[in-house]
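Q:
In the numbering used here, the protein residues as written are 653 to 929.
Have a look at this one:
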């Protein structure tokens, strides 16, 4: 007795139906994507044929009937799936650009020293000491004993150097009559320019050989007495510088020449008159 088929068992005759449906679905999907792909290159005539084909036909999978328009799908030119690869640029060789050489700069021009503005030449006004020394020098040039007198001006002071031989006897402090002529000339000039005279000073000097005469005790004593007698004569005959007058005796401590000769000893025996202006 044959076995009764259960309701849950599938019948063997229905297996082909779902396969056909599945195949049609896959075909339609493939056709759809092919159409989408072909749209990029279809022209107007082909598009019209496609419209007529879809409006009059029953299916693309059925057999064509007489008088039915066949849709021809002309595939477009196959596109390259991969875009052409552009050749990679050939790397250029590295070019080393030398650093610019600094242009030699010229040194700044040396400023040309400009000469100071010239001022009109003005005659130099001689000092009071220079005027007084010139007057004494000119006055003593007339004396026959002018060669035994030296007149110098330095730092506002006038030096009148008198050799002792024209003023005193050797070793004595008494003035000779001939000394009066020279001392009178000096006193006259000092009195004339007394507004410029601020002080008088006499310095007595001796040589180291000649002994003092009479009651003179030493060369210091001799030098001091001679200086005092000359200053006393000048102050007596002129009031210039009397309030600031003094004497100094140096003996033989400040020689200006050698005592080995008579000429040197004569130069060392002297009285220096210093006039401050």
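No residue lacks a Cβ here, since even glycine has one placed at the ideal position from N, Cα and C.
Predicted, not measured: the structure shown is a model, and the values here were computed from it.
Whether or not the segment 898 to 913 and the segment 853 to 862 are in contact is what I'm after, with contact meaning three or more pairs of Cβ atoms, one per stretch, closer than 8 Å; do they touch?
A: yes
Q: Would you say residue 843 and residue 897 are within 7 Å of each other, going by their C-beta atoms?
A: No. Outside cutoff.
Q: From the DSSP secondary-structure annotation, give me the bridge partner or partners of residue 924.
A: Beta-bridge pairing links residue 924 to 813 and 855.
Q: Along the beta strand (DSSP E) that carries residue 806, what are the first and last residues, could you check?
A: Per DSSP, residue 806 belongs to the beta strand (DSSP E) from 801 to 806.
Q: Short check: CB of residue 887 to CB of residue 923, under 7 Å?
A: no
Q: Given this structure, state the Cα-to-Cα distance separating residue 828 from residue 821, to the nearest angstrom.
A: Pairing residue 828 with residue 821, the inter-Cα distance amounts to about 7 Å.
Q: Report the option in 805, 677, 684 and 799 whose CA atom is closest to the CA atom of residue 929.
A: 805
Q: I need the DSSP call for residue 892, collapsed to helix, strand or coil.
A: Reduced to three states, the DSSP call for residue 892 is coil.
Q: Any idea if residue 920 is buried or exposed, counting beta-carbon neighbours within 10 angstroms, 16 or more meaning buried?
A: buried
Q: Please state whether DSSP places residue 897 in a helix, a strand or coil.
A: strand
Q: What is the DSSP secondary structure of residue 797, counted as helix, strand or coil?
A: coil
Q: If contacts are defined as beta-carbon pairs under 8 Å, then residue 780 and residue 848 qualify, I think. What distance do you get, rounded to the angstrom?
A: 4 Å
Q: Compare the Cα-Cα distances from residue 803 to each of 814, 795 and 796 and report the closest residue.
A: Closest option to residue 803, judged by alpha-carbon separation, among 814, 795 and 796: 814.
Q: Hey, residue 877 and residue 825 are a contact pair by Cβ (cut 8 Å); roughly how many whole angstroms apart?
A: 4 Å
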